[in-house]
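I have placed the structure first, in the form of structure tokens, so that the comments after it can refer back to it.
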Amino acid sequence: MFVMLDAHYETIGFVLFAIAFVAPAFPALCMLGRWLRARRDPERSPAAARLLLLAVAFGGTTYLAAFAWGGLVEPNWPELHREAVKGPFVPPLRVLHLSDLHLQQDFPAREQWMLHQVEALKPDLIVITGDIHQLDNFDVPSLGKVLSQINAPLGVFGCVGFDNVRILREAAPNIRMLENETVTLHHGGKTIALAGLSRAGSRDHVYAAMKDADYRIVLHHTPDLAEEAARHGADMYLCGHTHGGQVRLPLWGAIITLAETGKRFEAGRYQIGSKTIYTNRGLGLEPRPAPQVRFLCRPEICLFTVGGQK
5 MFVMLDAHYE TIGFVLFAIA FVAPAFPALC MLGRWLRARR DPERSPAAAR
55 LLLLAVAFGG TTYLAAFAWG GLVEPNWPEL HREAVKGPFV PPLRVLHLSD
105 LHLQQDFPAR EQWMLHQVEA LKPDLIVITG DIHQLDNFDV PSLGKVLSQI
155 NAPLGVFGCV GFDNVRILRE AAPNIRMLEN ETVTLHHGGK TIALAGLSRA
205 GSRDHVYAAM KDADYRIVLH HTPDLAEEAA RHGADMYLCG HTHGGQVRLP
255 LWGAIITLAE TGKRFEAGRY QIGSKTIYTN RGLGLEPRPA PQVRFLCRPE
305 ICLFTVGGQK
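Take 5 as the starting number for the sequence shown in this note's numbering and just add one per residue.
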């Protein structure tokens, strides 16, 4: 069923979106037809005209509210999501997952909010799963202004999305970008293997390096390698890329994810047996010419508390 759904989900999603988009205009179109038919009847015409005006006002107000919400409110209304995950750590390991920051030069309010959360939450470890800067933002000072403030005791690590790694290393030497590489960290007497996967190149040595750790975390920009990582023993797979669809429909979810997995891991937490998969909705917006909107899909950062459960 998932195979069939993933093959056609974009077509279905766009059809549903088109229906939802024209729905507010439907009453006005019906009232327009009634008014045109009633124009020859002096008694019926005024009432039909009033109904047409009401329908137009309803449709216009609905469209205005939807565009204002999606373009002005929701993109600037980020949320902190919290997840508790079983693990071997006492005290628990607190991992802050950031993704798809799409940092811009103008430093919007959601980026300021993120930095406030980083300072207030004091996570043990911070990971960033790609698309750290906007495609056209190569301004080292503006990137450094934000990224230099992201720090944690165990370090800040990232994997590559559509990023310029040279620019990131210059702007943020505090962030270690993992490109098909595994590092070993220590917390509460336990070892953590943290791996960052790239699409290109061999990944066998990355999985081999994780094998003996007490807990294994894998970072990749997209959900596409989630099942592969789970087969190779990853306890947690963190990714982004989909933006949760950025525009979602009730009862359907993401219209488009731009991921090979389709709607399989479109947003939020999933389980493959005991393995945790989390697709972050991201903080920023797709670069133009993509619409600069979010609808039913608020920006997010996610704090994981791993271990500590009785």
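The C-beta atom is built at its ideal place from N, Cα and C for all residues, glycine as well.
key: Proximity to Pro254 [Cα-Cα], best of Cys301, Gly277 and Val210   = Cys301
Classification of Tyr211 by the beta-carbon crowding that lies within 10 angstroms, buried from 16 upward = buried
ask   = Which one or two residues does DSSP pair with Tyr219 in a beta bridge?
value = Ile196
Residue range of the beta strand (DSSP E) that includes Phe30 = From DSSP, Phe30 is part of no beta strand (DSSP E) but of the alpha helix (DSSP H) over Phe30 to Ala42.
query = Is Gln275 helix, strand or coil by DSSP?
reply = strand
message = In the DSSP output, which residue or residues are listed as bridge partners for Gly311?
response = According to DSSP, which records beta bridges pairwise, Gly311 is partnered with nothing at all.
ask   = Measuring CB to CB, does Ile136 end up less than 8 Å from Leu158?
value = no
inquiry  = For a minimum of 4 consecutive residues, which ranges assigned as the alpha helix (DSSP H) are wholly contained in the region 153-206?
reply    = 169-175
message = Only counting the same chain, and skipping five residues up and downstream in sequence, which positions put a Cβ closer than 6 Å to that of Gly165?
response = Gly134, Asp135 and His225
inquiry  = My assumption, with CB atoms under 8 Å, is that Pro127 sits in contact with Ala156. Please give the rounded CB distance.
reply    = 5 Å
ask   = Identify the residues that DSSP records as bridge partners of Glu304: which are they?
value = Glu83
message = Only counting the same chain, and skipping five residues up and downstream in sequence, which positions put a Cβ closer than 6 Å to that of Leu129?
response = Val99, Ala156 and Leu158
inquiry  = Tell me the rounded alpha-carbon separation between Arg114 and Pro82.
reply    = 6 Å
message = If distances are taken between C-alpha atoms only, which option among Asn80, Arg180 and Asp218 comes closest to Val310?
response = Asp218
key: With 16 other Cβ atoms within 10 Å as the buried cut-off, status of Asp140   = exposed
message = Could you pull the DSSP bridge partners for Thr133 from this structure?
response = Cys163
task = Grab me the residues of Ala32's own chain with a C-beta within less than 6 Å of its C-beta, minus the 5 sequence neighbours each way, in chain order.
result = Ala59, Val60 and Gly63
inquiry  = If distances are taken between C-alpha atoms only, which option among Ala42, Cys34, Arg285 and Glu78 comes closest to Val297?
reply    = Glu78
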